[in-house]
Amino acid sequence: MDLSYRAQMSGWKFLFLPDIVVPAELPVDMSGFKSQQHRWTKGSIQTCKKLLPQLWKSNIPLLTKLEGTVHLVSNFSYLLLLLLCLLVFPNSFATAHSVPYVLLVDIPIFVTTSISIPFFYIMVQRYVNPHGWLRELWLLPMLPALAAGMSINNARGVVEAIFNHQSEFKRTPKYGIRNEFNSRRLRVCPRYWPLCSSLPFAELLFTIYFGFCVGTATLNRQWFSIPFLLVFLVGFGYVAFLSITFWLQRWSTLANSRDR
């Protein structure tokens, strides 16, 4: 990211070649996925701090500067997402708006700020999988849920970058999984130990918190709020469950292998 920005600010022109495919393995376990996302989030904010002043001092067009700024600061949104999570419960006691206000203010703001994400992923799926993209649409609600569940992990990366907290480069486990899921490769990989972190327990607390929010919304008959609260509940619960279970399984497996 740093190199690509500096190259373009120096006058290099990039050309996107969609026909050239570079295979890569994404993390298949939650511990590796969180480690990767934390590294990427922290690195992007570090790049933002380094290059944003240079970007605005450069001679590139104003619209390009604005686009680059939006891209560089985008991961600050995880801090706002965490703030949103904390304000959900107090907001449930706020005075309800009138129907005209909801139609003229709330719904337009919600649509304009939210519709771009599913639209983007739908268009990408149509491009990469033109004959089967409709079968993938059922996974679409999991995208905002996963983003919510990862917000604590990624917000930590943002805060560490803001305060110049130095950390080691943690390698992401590679299992060589190409097509079908092979659980045996996950069980036998003694070089990688699960990260010791209290984040899964914080995510578990947020799961309980949003379960309480769903219960409160049900008692107050706030039916329109429940689907959105369920997105957060499922997201934090999914990330917490996979983090804790993988952590326990890996430690158990590695402890047994050491005893042999």
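The numbering of the sequence shown is our numbering, which starts it at 583 and goes up by one. Note that the Cβ used here is the ideal one computed from N, Cα and C, for glycine as well.
Provide the residue span of the alpha helix (DSSP H) that contains residue i, from first to last.
i    : result
R738 : 733-744
S780 : No alpha helix (DSSP H) contains S780, which DSSP labels as neither H nor E.
K639 : 612-639
S586 : 584-591
L648 : 644-655
Let me check understanding here. Comparing Cα to Cα, which of the options lies closest to residue i?
i    : options                : result
G758 : L608, V604, Y587, L815 : L608
V655 : M583, Q831, F751       : M583
V603 : T789, S733, V710       : V710
L787 : F596, P635, G819       : G819
C795 : S674, V706, L633, V687 : S674
K616 : H747, K756, M732, W833 : M732
F671 : W833, Q804, F828       : Q804
L661 : G797, S696, G739, I697 : G739
S779 : L685, H713, T694, L830 : L830
L663 : P726, L599, L645, S834 : P726
P643 : G593, D688, A606, L685 : G593
F745 : I689, V681, K631       : K631
When you compare the CB positions of residue i and residue j, do they come within less than 7 angstroms of one another, or not?
i    : j    : result
A784 : I627 : no
P782 : S825 : yes
F792 : F814 : yes
L637 : G625 : no
S640 : M705 : no
T789 : A737 : no
L728 : G817 : yes
F806 : D611 : no
C735 : H620 : Sequence check: residue 735 is Asn here, not Cys. For N735 and H620, yes; Cβs fall inside 7 angstroms.
Y703 : L633 : no
W720 : Q707 : no
L722 : P700 : yes
Q618 : T754 : yes
N657 : T695 : no
Quick check on residue i - is its C-beta less than 7 angstroms from some C-beta in chain D?
i    : result
V710 : Checking the listed chains, one finds no chain D in this structure; it contains a single protein chain.
What residue ranges within the segment 663-714 form continuous alpha helix (DSSP H) runs of no fewer than 4 residues, ordered along the chain?
-> 689-696, 698-710
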